[in-house]
Amino acid sequence: MCLLLAVCWSGWLLTCDAVGFAAEPLASKSNVAGQGGAAETRALNLPDKPFNYSDIDWPEHFRSAVERFDNTPPDNPLTDHGATLGRVLFYDKSLSANGTVSCASCHKQELSFTDDEPLSVGFDGKKVARNSMSLVNARFYQRGRFFWDERARTLEQQVLMPIENPIEMGHDLDKLIPQLASDPIYPPLFINAFGSSDVTVDRVAKALAQFVRSIVSFQSRYDIGLAKSGSYRRPFPNFTEQENLGKDVFLRRANCASCHMSNALPFNPHRPDEPYDSSKRPPRQTAFFTMTTPAVNGVDADTDEVDLGVGAISSAEMDRGRFKSPSLRNVELTGPFMHDGRFHTLDQVVEHYNWSIKPHPNLDGRLENFSANGMGLPEVPKVALVAFLKTLTDRTILTDEKWSDPFVRTGSIDIPGQSATAE
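FYI, the numbering for the sequence shown is -18 to -1, 1 to 405, going by mature numbering (1 follows the signal peptide of the UniProt record, and there is no 0).
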């Protein structure tokens, strides 16, 4: 039996007793502004027993890296009910000011939780400032490394900021909390997740962060090949000759691994402010394909860019033009690429690093080692590198029901200047 909650913004809500509540009609207020009297009916369908979010069977090559990278704080452990609540919040359009967009509007499951537009569109039709970054394996971004400009210290902080961003979702948390508290779908979800029906900003942040942390990828062809070969340096038996050549280019010839398979900086979640001890530096991680620090990658040469990246947050000259580097996991699916979505294909990205690196004053030192303006790869290894990057694709992420939209919507919402048909 499933929990089925049907909400009509101008009508009634019906709950079944799957969560211990008697079936009864309950009045439901619309949380959508500017509807002009239009009605939207939404149904929430959740299993009696929540999906497994917390008990993850990590592959062997992930286990040591998980211990080093996992940013889960002690006061917000991942739970099945917490992630379930986070899933509902993630897909709930009422978290935006006019009920037209949700977190999932810019982080689509079928696109590896990113968007296929260079710049996503916010709640009132305006474009956001930067490209939507994939949420896959956000659990393993280091503390203090969230958003392109790394302005959020924790994932709990990050998940709240788009809600109040004036272009993205445009809501006010002080108004959202009582709105959610009065929405009949949420009391049983908060009770299951936190033991009471109290809705608070802290609980919303924790639930959303739990759901995002649950979105992990480790079932790509690369993962299968690594398990079979026993070492990322050996040829993978499930790879083509071209893909193994591309792996060799990534690891050695172009040395992409120096950035994208960087060592994990030791991080103790129980002592987040503990200073870094270089003597404890672990070996190179082979799981996440992430960089541990922001970088200037030479897409621009001018230090007076409109978007200063990390520099706009720190005000440090050395940070001007530096941006976070997302994981390469599922990179085949996460274009357009770079903070402004300027490159639409992987071929264009590789071509940038091959010939078009610009001499930015803060250019990452690892990119200054090339003899010309890039790697200078001939066509065969260049194409092979792209083929290898595509082996990092994990398609289970795209269709797994536990990360999918739990709402079924019918009807439409009328918004001044535009119309939105419910899905």
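Ideal Cβ placement from N, Cα and C applies to all residues, glycine included.
Reference residue i, options the options, closest by Cα
i: F122; options: T373, F200, T327, I145; result: F200
i: I197; options: P318, R235, D52; result: D52
i: N243; options: P144, S164, H43, Y35; result: Reading the sequence as shown, one finds Met at residue 243 and not Asn. Taking only the C-alpha atoms, the option nearest M243 is H43.
i: E99; options: P360, R348, H63, L315; result: L315
i: G347; options: L162, K364, G280; result: G280
i: S36; options: H63, L227, S94; result: H63
i: K372; options: T182, D329, S46; result: D329
i: T82; options: K108, P59, F95; result: K108
i: V48; options: T268, F325, F352, F95; result: T268
i: W337; options: P318, S213, R50, F352; result: F352
i: W40; options: P170, D205, M273, T272; result: D205
i: F271; options: P308, R304, D282; result: P308
Pairwise C-alpha distance: residue j and residue i
i: L101; j: D322; result: 7 Å
i: L142; j: N344; result: 31 Å
i: Q140; j: P55; result: 14 Å
i: E350; j: I339; result: 9 Å
i: residue 408; j: K31; result: A question about residue 408 goes unanswered here, because the residues of the chain that appear run from -18 up to 405.
i: V186; j: T375; result: 31 Å
i: C(-3); j: L28; result: Reliability of the predicted coordinates at C(-3) is poor, the pLDDT of 36 falling under 50, and no value is obtained from them.
i: H342; j: N355; result: 11 Å
i: residue 408; j: D284; result: Given that the chain is displayed from residue -18 to residue 405, the structure contains no residue 408 and the question cannot be resolved.
i: R69; j: E92; result: 15 Å
i: V110; j: V103; result: 6 Å
i: N113; j: F193; result: 21 Å
i: residue 453; j: L190; result: No information on residue 453 is available, as it lies outside the stretch -18 to 405 that the chain covers here.
i: T222; j: R234; result: 18 Å
i: residue 435; j: A25; result: Shown here, the chain extends from -18 to 405; a query on residue 435 therefore has no answer.
i: A175; j: T61; result: 8 Å
i: S296; j: A366; result: 38 Å
i: residue 407; j: A239; result: Look at the range of the chain in this structure, -18 to 405, and you will see that residue 407 is not part of it.
i: I167; j: R215; result: 51 Å
i: P217; j: S76; result: 50 Å
i: L117; j: L359; result: 31 Å
i: P248; j: T275; result: At P248 the pLDDT is 40, less than 50, meaning the model places this residue with poor confidence; the figure from the coordinates comes in the next sentence. Their backbone Cα atoms lie some 13 Å apart in a straight line.
i: K90; j: R135; result: 24 Å
i: S46; j: R133; result: 28 Å
i: F95; j: A86; result: 7 Å
i: S78; j: A163; result: 15 Å
i: T182; j: Y73; result: 18 Å
i: R125; j: L155; result: 24 Å
i: H326; j: L137; result: 27 Å
i: D382; j: S202; result: 14 Å
Contact belief for residue i with residue j at Cβ below 8 Å, rounded distance in angstroms
i: K210; j: N220; result: 6 Å
i: I145; j: L158; result: 7 Å
i: T392; j: T23; result: 5 Å
i: L290; j: R302; result: 5 Å
i: D106; j: A294; result: No, D106 and A294 are not in contact; Cβ-Cβ is about 24 Å, not under 8 Å.
Outcome for residue i when other beta-carbon atoms lying within 10 angstroms are tallied against a minimum of 16
i: A298; result: exposed
i: Y188; result: Note that residue 188 is Lys in the sequence shown here, rather than Tyr. K188 is buried by the Cβ-count criterion.
i: V332; result: buried
i: M115; result: buried
i: M357; result: buried
i: N119; result: buried
i: W385; result: buried
i: M300; result: exposed
i: V362; result: exposed
i: D387; result: buried
i: H334; result: buried
i: V368; result: buried
i: E225; result: buried
i: R127; result: buried
i: N312; result: buried
i: N80; result: buried
i: G207; result: buried
i: R195; result: buried
i: K364; result: buried
i: N34; result: exposed
i: G152; result: buried
i: D184; result: exposed
i: K306; result: buried
i: S179; result: exposed
i: V278; result: buried
Residues bridged to residue i (per DSSP)
i: R391; result: R24
i: F325; result: F319
i: K109; result: V103
i: K90; result: T96
i: A134; result: F128
i: R203; result: Paired residues: none, contrary to the question.
i: A277; result: F305
i: G291; result: R304
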